[in-house]
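Reviewing the structure listed below.
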Amino acid sequence: MKSKENVERKYKEILESLKSQRDELKLKLHLANMEVLEEWKVVEDKWESLIARGAQLEKEVGGAAHELGDTAGKIGQEIKNSYKRIRKLIDDNKL
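Residue numbers for the sequence shown, in our numbering: 327 to 421.
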């Protein structure tokens, strides 16, 4: 069974990696076309959800923390995949 510390550590690793990718993409978005901007809005909503789950995670213990950690991991993977799609759209359009 995962300990709360392991769940928190994994969450922080996911968050740091995604934050770096997010910051890089934000710099390029001002040149992006509408398709990229629409994708960005969806992923920003997921980002906010991930941050909110992290705040919940800090308050929870036991099984609830593991469930939140698993959910945060899934949201993190969705965000990562969205960042890849956005990066590809930007690169394909030479933005």
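Positions of the beta carbon are idealized from the N, C-alpha and C atoms, including for glycine.
Next on the checklist: Taking the straight line between their C-alpha atoms, what separation do you get for K385 and A391?
Outcome noted: Walking along the sequence shown from the start, residue 385 turns up at place 59. Walking along the sequence shown from the start, residue 391 turns up at place 65. Roughly 8 Å separates the two Cα atoms.
Next on the checklist: Between which two residues does the alpha helix (DSSP H) holding N332 run?
Outcome noted: The sequence position of residue 332 within the sequence shown is 6, counting from 1. From DSSP, the alpha helix (DSSP H) with N332 extends over K330 to L355.
Item to check | Exposed unless 16 or more other CB atoms sit within 10 angstroms - verdict on A398 | outcome: Position 72 of the sequence shown, counted from the first residue, corresponds to residue 398. The C-beta of A398 has 16 or more other C-beta atoms within 10 Å across all chains shown, which makes the residue buried.
Next on the checklist: So, for K414: in the same chain, excluding its five sequence neighbours on each side, which residues have a beta-carbon less than 7 Å away from its beta-carbon?
Outcome noted: Looking up residue 414 in the sequence shown gives position 88. Correct list: empty, nothing qualifies.
Item to check | CA nearest to the CA of S329, picked from D396, N419 and D418 | outcome: On the sequence shown, residue 329 is found 3 positions in, with the first residue counted as 1. That would be D396, whose Cα lies nearest to the Cα of S329.
Checklist entry - Does the region 404 to 413 touch the region 340 to 359, meaning 3 or more C-beta pairs lie closer than 8 Å? => result With the cut-off at 8 Å, the region 340 to 359 and the region 404 to 413 touch.
Checklist entry - Which same chain residues, not among the five before or five after V369, have their C-beta less than 6 Å away from its C-beta? => result Counted from its first residue, the sequence shown places residue 369 at position 43. Cβ neighbours of V369 within its own chain (closer than 6 Å, five residues either side excluded): I405 and S408.
Checklist entry - Can the beta-carbon of G402 be found closer than 8 Å to that of L376? => result On the sequence shown, residue 402 is found 76 positions in, with the first residue counted as 1. On the sequence shown, residue 376 is found 50 positions in, with the first residue counted as 1. Yes. Within cutoff.
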